[in-house]
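Engineer: In this text, residue positions in the sequence shown follow our numbering: the first is 3, and each later residue adds one.
For each residue, glycine too, the CB sits at the ideal point set by N, CA and C.
Below: one structure in structure tokens.
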Amino acid sequence: MAFNLATAAGGPTDLLDALFPGALGPISGRSQLPQLAARNDSSVPTVNLFIDGVSPAMKYAASIVDVCGDRTTYALHCSSGPSALQASGVCGASAPTLTITEASTLYRASTTTARSTLGYDVSATIQETCELRGTTAAVCSGTVGGVVNGVTTSAAVSGTISGTDYYRFDVAITAGAEKTANPTGQCKASGASTKAVAMWGLVGVVGVASLLGF
């Protein structure tokens, strides 16, 4: 995605843009469980979330995977968006499914992918942690790591996402809405690595290789 965090902090935007072209970002926290509401044009419930997307024209859908305490885990994808994102597979029927976990003041997400193509064995991992400040700002830090043919490199960025970089979306909840009525009592302990999801197809291997210095 555009990863507005990188822009706000003056970070390595080329690397982050390549690995995150518009699909994944921090979700704002709230002091209680997400409040679902039916959309005006259908019976599908929605939840209003902040997503660090590249365009306010993006639309998202998600299923609720788990609810425990004030933490909600979503399987999220970009259902539609600007033509460039549709063409690249970031949005639309072939869009990757992303796992995003939201709590009242903490957001964590990570993505890992690997592919062998054009003579390169490439893997990339992105992790992000945010302190959520209501519905107006998120103070975040992120790391991007890549391995090309066994050689490792990484970049880190931190900053505040707010103002015109801060987008909120009404995300359609397509499954799992009933879980908000009966949350489990205790969240399972897990590190960011357990939230990994495959999302290759967002970036070409040659682009990653060049951005990582190969």
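Applying the 10 Å Cβ sphere with the 16-neighbour rule, what's the burial state of Ala-59?
Structural biologist: Ala-59 comes out exposed.
Engineer: Does the ligand SAH have a heavy atom nearer than 6 angstroms to the CB of Asp-68?
Structural biologist: Looking for the ligand SAH in the displayed structure turns up nothing, as the structure carries no ligands at all.
Engineer: Under three-state DSSP, which class holds Gly-152?
Structural biologist: Three-state DSSP puts Gly-152 in coil, outside helix and strand.
Engineer: Please work out which residues of its chain come closer than 8 angstroms, Cβ to Cβ, to Thr-154, disregarding the five sequence neighbours upstream and downstream, and give them in chain order.
Structural biologist: These residues qualify, in order along the chain: Gly-147, Gly-148.
Engineer: Three Cβ pairs or more, each shorter than 8 angstroms: is that satisfied between the segment 163-173 and the segment 52-68?
Structural biologist: Yes, since at least three Cβ pairs between the segment 163-173 and the segment 52-68 fall closer than 8 angstroms, the two stretches touch.
Engineer: Give the range of the alpha helix (DSSP H) segment to which Ser-96 is assigned.
Structural biologist: No alpha helix (DSSP H) contains Ser-96, which DSSP labels as neither H nor E.
Engineer: Applying the 10 Å Cβ sphere with the 16-neighbour rule, what's the burial state of Met-201?
Structural biologist: Summary for Met-201: the model assigns pLDDT 31, below 50, so the residue's position carries little reliability, and this model does not support an answer.
Engineer: Where Thr-138 and Gly-121 are concerned, what is the direct C-alpha to C-alpha distance, given to the nearest angstrom?
Structural biologist: One C-alpha to the other measures close to 45 angstroms.
Engineer: Take Leu-108 and list the residues in its own chain whose beta-carbon comes closer than 8 angstroms to its own, dropping the five residues that flank it on each side.
Structural biologist: Closer than 8 angstroms at the Cβ level, and outside the excluded window around Leu-108, lie Gly-31, Thr-131, Cys-132, Glu-133, Leu-134.
Engineer: Between which two residues does the beta strand (DSSP E) holding Ala-126 run?
Structural biologist: 122-135 is the span of the beta strand (DSSP E), which, as asked, contains Ala-126.
Engineer: Report yes if the C-beta distance between Ser-1 and Ser-160 is below 7 angstroms; otherwise report no.
Structural biologist: Nothing can be reported for residue 1: it is not among the residues displayed for the chain, which extend from 3 to 216.
Engineer: Rounded C-beta distance between Tyr-169 and Ile-53? I'm assuming under 8 angstroms.
Structural biologist: Between Ile-53 and Tyr-169 the Cβ distance is about 6 angstroms, and since that is below 8 angstroms, they are a contact.
Engineer: Look at the alpha carbon of Thr-186 and the alpha carbon of Asn-50, and state the distance between them as a whole number of angstroms.
Structural biologist: Whole-angstrom Cα-Cα distance: 22 angstroms.
Engineer: If we count the other Cβ atoms within 10 Å of its Cβ and call it buried at 16 or more, is Glu-104 buried or exposed?
Structural biologist: Answer is buried; the Cβ neighbour count reaches 16.
Engineer: When the Cα of Ala-158 is compared with those of Thr-145, Asn-151, Asp-167, which residue comes out closest?
Structural biologist: For Ala-158, the nearest C-alpha among the options comes from Thr-145.
Engineer: Less than 8 angstroms between the CB atoms is what I'm expecting for Thr-127 and Ser-112, so what's the real figure, rounded?
Structural biologist: Going by Cβ atoms, the distance from Thr-127 to Ser-112 rounds to 7 angstroms, so yes, they are a contact pair.
Engineer: Start and end of the beta strand (DSSP E) containing Asn-50?
Structural biologist: Note, Asn-50: beta strand (DSSP E), 47-52.
Engineer: Rounded to the nearest angstrom, what separates Val-141 and Gln-129 at their Cα positions?
Structural biologist: Their Cα atoms are separated by approximately 14 angstroms.
Engineer: Helix, strand or coil: which one does DSSP assign to Thr-138?
Structural biologist: Coil.
Engineer: Output the boundary residues of the beta strand (DSSP E) element that contains Val-56.
Structural biologist: Element bounds for Val-56: n/a, residue is neither H nor E.
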